[in-house]
Each structure stands twice: as structure tokens, then as C-alpha cells.
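Accompanying notes for the structure given below.
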Amino acid sequence: MRANQSRRTFLLATAEEDDTSNVHQWKKRRRVMASDVMCLCVFLLCSGLQFTTGCEVFGSTVSCSSGESALLPCRGINSQHTGVQWWICDPQMLTLKYSVCPADAVKGQRYKDRVQTHGNLSLSITRLTVDDAGTYCCKTTDPDKMSHVYLTVEGCSVSGNEGSVEISGYSGDSVLLSCSVKCSGRHEPGNLSLLISDLTEKDEGLYSCWSKENQHKNFTLTVTGCVLSEHHITKSSYAGGSVTLPCSCEDPKSKPEHFEWKRAAVNETLVSDAEEINGRFQMIRDSPHKLFLRISNLTETDGGVYVCSVNGKQSRRVNLTLTDSAVINALEYQYYQIFLASLLCLMLLLVAGCICWRFTRARKQRRGSQLIQSPDDEDDTYTSVVYSSF
């Protein structure tokens, strides 16, 4: 009876062990099945996203058109890994070149604001360009695992469309907004550059070069115009003479488009960019930024305030005063007399200096002749001469 009980206990223990073993096997199979289902879901998700973005998947190659968005899968790596980094790799040796996500500080800047990693470790790239084609590798840091995928981009795209390009120029100059189209395969490249000549301040703003609906390159153009120098001055002259009134831009590179000189009293335009010579009034422009006004054969009525304005925005005033020619001649004669008197004093000083120099020289010669000693009484003569000379 005891033997039967022990046999039953052994059979029950064996059955329990078999049940436990079967449970572990089923749990293991469920994990494997769950992992397979997850991989299948990731593959289907990537395939579905590629289908929605217009890209095609052929094994480890993702083929897209320029301007579209691509989703690059990270195959063979568990999505539980968080330390994943995407790289551009050598297509043959699969050696890492530079980081895409996070973007490399130098070479990876064209991917800025266009790449993103997802929970399944896949990499999405928006606004694809022909330059984005290549071999991409996803690599984990712990443990060290890596997989790769090939991306091909068909069509054409504007080269260098990663961000806005800032260009500055001066009014009157020319600028070139460089925009080239790079193509792959059977497509022909092109050049869409824009040349703007004779810049004006109205040309300032945002420019966009478009290849297709979502392929463009932006330019921000800044035009530096003429800023007149701060000089409110007074010029003096006399009737019958000539005078030049100053007006210029601060920056020598500036070339003002529109300018004019007026008389403030009568609001009369004397000269302008359309007419630089008007009788006695003439523009003097030995440099593009200078807008000097020359007035010849001055009359008494020419006195007053003159206004130099540029582009209808800025203006500077110059006050012209006229003095009677008789007063001018009297002043000139007075200055002439002062000059002659100064010259005469200078000549007298020179003559006095020459006389003093000759007198000093003659005195030294007399002293030298007295120091000559006689051969008979050499010592006595020397002593008496030296004493008498003091």
C-alpha cells in the first residue's frame, strides 16, 4: 500500500514537472512569436509609410523621388535599444563617414530640421534632394550592432536648399543669386541663377528659386543705400566768384540712385540725377558717393540755404553767404601787407644773424693770433697773454 502511495506521488511530481516544462516552452514560443510579430509590424509599418510617401522598397534599397519624404528602417536591431545613431557610410566597406542624426556639426548641417528618429529606430528624411542619395547605417552603442540601407533619389533638386542664403549689396551695384539644379540619372541639370543690376533699396527682400512645388532655395537680399554725412555747414564767397557746396554719402561704396539739389527759399530744383548741368549749376562727382554742387559766376541773389536730398528720404542743408567784393579785396590787401611785413622781419632776422656770426668768427681769429708764442721768452709771453685775455 505504501508502495502504491509513493508511486502515485512520483507520478504526480513527474506530471507537475512536465506541466511546468510545457508552460516555459509555451512562454518562450510566445516571446519568439511576439518578437516575430513586432518585426513584421515594423516591416509593414515601414512599407506602409514608404507607400504613403511615394517611395518604393526593394530589399535593403529605398527608392524615392526628390522632394518626397523617406523612412529608412533599422533592420535586425531590437527597438528596445535607445542609443542608436544614424550615419552616412561607405557603400562598399560600410565604414562610418559622418553622423546624420544627430547631425554632424560640419558635414551634416544640410540634414538639420529634416531628419528624425522614431520609436522603431527608423529614420525619416523630409524634403529629399539628389544629394541625400547614399548608404545609411544605423548603429547601436551597447551592444555594438549595425545595419545599413541604400537610399536612391530620382529627379532633380535645387542645390543647397537647406536654408536661406543672406546676400548684401550696395545701391547701384549688381548681385548674383546663385541657384543651380542638380539631377540624377537621365535628367538634365540646369542653372536658375538670377542677376540683379543697378540695385535700389526697393530690391531688398526675400527671393525664392523654385524647381518644383517643394523644391526651392531662399535668398534674403539686403541693399545698403546712401546715408548722407552729418555736416550742416556755412560756405562763404563773393559775387563774381565760384563756390562748391559739399554733400556726400558716408560709405564710399554707396551709389545713390536719385538725388537733387534745391534752393530752400523757392523750392527750385537746380540739378538732379536726370540733369547734372543746368547753366551756372553743375554736379561735381569725382567719386560715385560724392554729390557736390558747383555754382559759377555768383550773384548777390545766390545767397541762402541749399538742400541736398537723396532718394527723397534724406536731406542736408548748406548755407551760402556772399560778401561784397570790395570787402574781400580790402581783406586780401590787408593780408598781403601782413605777409610783406612778416617777410621783411624774417629777412632782418637773417641779416642780424649773419652779422653776429661774422663778428663772433672774427673775434675768435683775433684771440688765436694773440696765443702765438715768441721763441725767446716762451713762458713769460704765454702767461702774460693768458692773463690779459681774461
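Numbering (full-length UniProt numbering), first residue to last: 1 to 390. Positions of the beta carbon are idealized from the N, C-alpha and C atoms, including for glycine. Given the structure is predicted, the values throughout are model-derived calculations rather than measurements.
In this structure, DSSP gives Thr-222 an extended state, which the three-state scheme calls strand. Of the candidates Leu-228, Asn-319, Thr-269, Val-84, the residue whose Cα lies closest to the Cα of Lys-145 is Val-84. Sorting Ala-239, Val-165, Asp-302 by C-alpha distance to the C-alpha of Ala-264 places Asp-302 at the top.
Residues of the same chain with a CB within less than 8 Å of the CB of Leu-94, apart from the 5 flanking positions on each side, are Thr-135, Cys-137, Met-146, His-148 in chain order. Look at Ile-284 here: in three-state DSSP terms it is strand.
Nearest to Leu-121 by alpha-carbon distance, out of Thr-140, Leu-128, Leu-320, is Thr-140. DSSP, reduced to helix, strand and coil, places Met-146 within a strand of the structure shown.
For the pair Leu-298 and Phe-281, the CB atoms are not nearer than the 8 Å cut-off.
Of the other Cβ atoms in all chains shown, fewer than 16 fall within 10 Å of the Cβ of Cys-345; this residue is therefore exposed. In the DSSP annotation of this structure, the continuous segment of the beta strand (DSSP E) that includes Gln-314 starts and ends at 314-323.
Per DSSP, the beta bridge partners of Arg-294 are Thr-244, Gln-282. For the options Leu-192, Asn-319, Ser-168, the alpha carbon positioned closest to that of Ser-159 is the one of Leu-192. For Gly-185, there is no enclosing beta strand (DSSP E), as DSSP gives it neither H nor E.
Within the model, the alpha-carbon separation for Cys-209 versus Gly-190 is close to 12 Å.
Asp-113 and Leu-199 have their alpha carbons spaced roughly 33 Å apart.
Ranked by how close their Cα comes to the Cα of Cys-179, the residues Thr-117, Asn-319, Lys-217 have Lys-217 in first place. At the C-beta level, Leu-123 and Cys-64 stay beyond 8 Å of one another.
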